[in-house]
Amino acid sequence: MARSGPSQADAALLDHLRGKGWQTSLAQLERWRAAGVLPRNGREYLGQGRGSTSVVNQDSRNIAEAMAMLSRSGRSIHEAVLRIFTVSPLHYDAFDEPLRLSEPAVRNSLEWFILHGDQTLDRRIERALLRSSGNPDEMVDIIIRMSRRQFRRSSGTGPPASNLRPWPPLVRRNVASMSALAVGRFLGSEELGAATLAEIIAQGGPSTATSEDIENAKATIEKILTANELRGGRQLGPSRHVPMKEVIDRLMRTEIEQIHDVRHKIMTIATLGSLHLRLRGDGWPRIRDKAASSHTHWMLFYGAIPIAETLEANAWHTLTALLAMILADDDARELTEALDDLVHASLPGR
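According to this note's numbering, the stretch in the sequence shown is residues 26 to 375, in order.
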């Protein structure tokens, strides 16, 4: 039998949203519930044989209001969920506790992000490779072309947030070297060869190195790499690209409380790190020195800062990409330790 109209609780909820200026339909409420985002209505028993009535609690009302604010034509429900997971649109205050969404809603949205929403270079390259014929030459061409376009676009600029230092020397390497490293990440270090890898490593030396210094370093490193290969030693090279299916599998096996914990730590670094950077108070040297202690620390710190700068725009994408990288990367332990270091530097004594 078809439903004749909204329940008493849904009617009250729709009236509440209209009072806030959001024209939400019953069909939208039902889609949000089907996706596990909006909790089911509770029941309140009236007693004395009068039956029961449906009720909406305050948490459900807040989630419905947040979803109404973020829903757009063409925008995935999963993107709206990840925006809420990052910061509540009710206040856009990074220091506020986020709205507590259901575990299925968070997990399903993380899976959607890896498959469709992540627009980082690695994910765009992987999707392009999956659409290719699988011919090795074609795959190499795709990686180099996309990498060069990305690196040229970002060369000479600092991190995407205001008032920040320039990028460290590691990311100022020339475009050809960075593109070669991308090939190694996707197709294996053997695709690079000892000579190419030695040249890349040599170019990453001190900024004061002369051309002769670089050539001498390249020759020495190439000998070491070749000797190691002949001995059957472990192949040296760039870290392996972790495929989407593997990332999803790791995320699905991660306890939901750990996902929330990493999210909280990223937001802590983003918000307090941004304050330290802007105010340059007594705490700034401590967090600055910790951020500069390794490229991993530097990448996490300056990768998180833009979250605090773009809460209503791209913060959700930046946070989710960092979260997935920390929890699912092959170097997850190193990333987790660096994350904890930065949190402790931001919040001494905790």
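Even for Gly, the Cβ is constructed at its ideal location relative to N, Cα and C.
Subject >> Span separating the alpha-carbon of Leu107 from that of His116 >> reply: Here the question's residue 107 lines up with position 82 in the sequence shown. Here the question's residue 116 lines up with position 91 in the sequence shown. It is roughly 16 Å from the alpha-carbon of Leu107 to the alpha-carbon of His116.
**OP:** In the DSSP assignment, find the alpha helix (DSSP H) that holds Asn87 and state where it starts and stops.
**Re:** For this step, residue 87 is matched to residue 62 along the sequence shown. Taken as a continuous stretch (DSSP letters only), the alpha helix (DSSP H) holding Asn87 covers Gln83 to Leu95.
**OP:** Measure the CB-CB distance between Leu42 and Gln48 and report whether it falls below 9 Å.
**Re:** Mapped onto the sequence shown, residue 42 falls at position 17. Mapped onto the sequence shown, residue 48 falls at position 23. A distance below 9 Å separates the beta carbons of Leu42 and Gln48.
Subject >> Ser236, buried or exposed, once every other Cβ within 10 Å from all chains shown has been counted against 16 >> reply: On the sequence shown, position 211 is the one that residue 236 refers to. Label assigned to Ser236: exposed.
**OP:** Check each candidate in Ile102, Arg210, Pro129 and Asp121 and name the one with the smallest Cα separation from Leu154.
**Re:** By 1-based counting over the sequence shown, the position of residue 154 is 129. Relative to Leu154, the option among Ile102, Arg210, Pro129 and Asp121 whose CA is nearest is Arg210.
Original post:
So the alpha helix (DSSP H) His285 belongs to, where does it begin and stop?
Top reply: As a first step, residue 285 must be located in the sequence shown, where it is residue number 260. Element bounds for His285: Ile281 to Leu304.
Original post:
Hey, how far is the Cα of Arg337 from the Cα of Ile312?
Top reply: Here residue 337 corresponds to residue number 312 of the sequence shown, with the count starting at 1. Here residue 312 corresponds to residue number 287 of the sequence shown, with the count starting at 1. In the sequence under discussion, the amino acid at residue 337 is Glu, which differs from the Arg named in the question. Across the structure, Glu337 and Ile312 are spaced so that their CA atoms are roughly 26 Å apart.
Original post:
Are Leu206 and Pro161 touching if we call contact CB-CB under 9 Å?
Top reply: Walking along the sequence shown from the start, residue 206 turns up at place 181. Walking along the sequence shown from the start, residue 161 turns up at place 136. No, the Cβ-Cβ distance between Leu206 and Pro161 is not below 9 Å.
**OP:** Give the straight-line distance between the Cα atoms of Leu276 and Ala349, rounded to the nearest whole angstrom.
**Re:** As a position in the sequence shown, residue 276 is number 251, starting the count at 1. As a position in the sequence shown, residue 349 is number 324, starting the count at 1. Each residue's alpha carbon lies about 7 Å from the other.
Original post:
Which value, in whole angstroms, describes the spacing of the CA atoms of Thr361 and Arg288?
Top reply: If you number the sequence shown from 1, residue 361 lands on position 336. If you number the sequence shown from 1, residue 288 lands on position 263. If you take the alpha carbons of Thr361 and Arg288, they lie about 12 Å apart.
Subject >> C-beta contact flag for Ile330 and Gly298 at 9 Å >> reply: As a first step, residue 330 must be located in the sequence shown, where it is residue number 305. As a first step, residue 298 must be located in the sequence shown, where it is residue number 273. For Ile330 and Gly298, yes; Cβs fall inside 9 Å.
Original post:
Buried or exposed: which applies to Leu71, given that a residue is buried once 16 or more other Cβ atoms fall within 10 Å of its Cβ?
Top reply: Within the sequence shown, the letter at position 46 stands for residue 71. Here the model assigns Leu71 a pLDDT of 47, short of 50, so the residue's position is not dependable, and the following value carries that caveat. Counting every other CB atom within 10 Å of its CB across the protein chains shown gives Leu71 a total below 16, marking it as exposed.
Subject >> Contacts around Pro268, its chain only, beta-carbon distance under 7 Å, and the 5 residues preceding and following it disregarded >> reply: Indexing the sequence shown from 1 puts residue 268 at position 243. Result list for Pro268: Glu151, in chain order.
Subject >> Reduced DSSP secondary structure (H/G/I, E/B, other) of Val267 >> reply: Position 242 of the sequence shown, counted from the first residue, corresponds to residue 267. Residue state for Val267 is assigned as coil, using DSSP reduced to three classes.
Original post:
At a cut of 8 Å, does the stretch 163-179 reach the stretch 127-137 through at least three beta carbon pairs?
Top reply: The stretch 163-179, when compared against the stretch 127-137, does not touch it at the 8 Å Cβ threshold.
Subject >> Strand pairing of Val165, partner residues [DSSP] >> reply: In the sequence shown, the residue the question calls residue 165 occupies position 140. DSSP links Val165 through a beta bridge to no other residue.
**OP:** Could you have a look at Val106 and say whether DSSP puts it in helix, strand or coil?
**Re:** What you label residue 106 is simply residue 81 of the sequence shown in a count that begins at 1. Under the three-state reduction of DSSP, Val106 is assigned to helix.
**OP:** State the DSSP-derived secondary structure class of Val80, mapped to helix, strand or coil.
**Re:** What you label residue 80 is simply residue 55 of the sequence shown in a count that begins at 1. Of the three classes helix, strand and coil, the one that applies to Val80 here is strand, per DSSP.
Subject >> His2, enclosing alpha helix (DSSP H) - first and last residue >> reply: There is simply no residue 2 to check, as the chain begins at 26 and stops at 375 in what is shown.
Original post:
Taking Cβ positions, are Leu364 and Ile281 nearer each other than 9 Å?
Top reply: For the purposes of this step, residue 364 is taken as residue 339 along the sequence shown, with counting starting at 1. For the purposes of this step, residue 281 is taken as residue 256 along the sequence shown, with counting starting at 1. Annotated as distal: Leu364 and Ile281, with beta-carbon spacing of 9 Å or more.
Subject >> Extent of the continuous alpha helix (DSSP H) run through Gln48 >> reply: In the sequence shown, residue 48 corresponds to position 23, counting from 1. Element bounds for Gln48: n/a, residue is neither H nor E.
Original post:
Run through DSSP, which three-state label would Arg149 get?
Top reply: Numbered from 1 along the sequence shown, position 124 holds the residue referred to as residue 149. Look at Arg149 here: in three-state DSSP terms it is helix.
Subject >> Host alpha helix (DSSP H) of Ile330 (start-end) >> reply: Stepping through the sequence shown from its first residue, residue 330 is reached at position 305. That run of the alpha helix (DSSP H) goes His320 to Glu334.
Original post:
If we count the other Cβ atoms within 10 Å of its Cβ and call it buried at 16 or more, is His103 buried or exposed?
Top reply: One-based indexing of the sequence shown puts residue 103 at position 78. Flag for His103 reads buried.
Original post:
Do Ala252 and Ala223 have their CB atoms nearer than 9 Å?
Top reply: Your numbering for residue 252 matches position 227 in the sequence shown. Your numbering for residue 223 matches position 198 in the sequence shown. Note that the C-beta distance between Ala252 and Ala223 is not below 9 Å.
Subject >> Run of the alpha helix (DSSP H) containing Asn133, from where it starts to where it stops >> reply: Position 108 of the sequence shown, counted from the start, is the residue given in the question as residue 133. Where Asn133 is concerned, the enclosing alpha helix (DSSP H) starts and stops at Glu128 to Trp137.
Subject >> From Ala91, Asp118, Ser101 and Arg125, residue whose alpha carbon lies closest to that of Asp286 >> reply: For the purposes of this step, residue 286 is identified with residue 261 of the sequence shown, where counting begins at 1. Residue Arg125 is the option with its Cα nearest to Asp286.
Original post:
How about Ala119 and Val112: do their beta carbons lie closer than 9 Å?
Top reply: Counted from its first residue, the sequence shown places residue 119 at position 94. Counted from its first residue, the sequence shown places residue 112 at position 87. For the pair Ala119 and Val112, the CB atoms are nearer than the 9 Å cut-off.
Original post:
Glu247 by DSSP, collapsed to three states: which one?
Top reply: Reading the sequence shown from its first residue, position 222 is the one you call residue 247. Glu247 sits in a helix when the DSSP states are folded into three classes.
Original post:
Can you tell me whether Arg148 is buried or exposed, with buried defined as 16 or more other CB within 10 angstroms of its CB?
Top reply: Start at 1 with the first residue of the sequence shown, and residue 148 comes out as number 123. With 16 or more Cβ atoms within 10 Å of its Cβ, Arg148 is classed as buried.
Original post:
With burial defined as no fewer than 16 other Cβ atoms inside 10 Å of the residue's Cβ, what is the status of Ala60: buried or exposed?
Top reply: Here residue 60 is taken as the residue at index 35 of the sequence shown, counted from 1. Residue environment: Ala60 is assigned as buried (16 or more neighbouring CB atoms within 10 Å of its CB, all protein chains considered).
Original post:
From Leu300 to Val272, what distance separates their C-alpha atoms?
Top reply: Taking the sequence shown and counting its residues from 1, the one referred to as residue 300 is at position 275. Taking the sequence shown and counting its residues from 1, the one referred to as residue 272 is at position 247. Inter-residue distance for Leu300 and Val272 is about 32 Å (C-alpha atoms, whole angstroms).
**OP:** Determine the extent of the alpha helix (DSSP H) in which Ala234 is found, giving its start and end residues.
**Re:** For the purposes of this step, residue 234 is identified with residue 209 of the sequence shown, where counting begins at 1. Unbroken run through Ala234: none, as it is neither H nor E.
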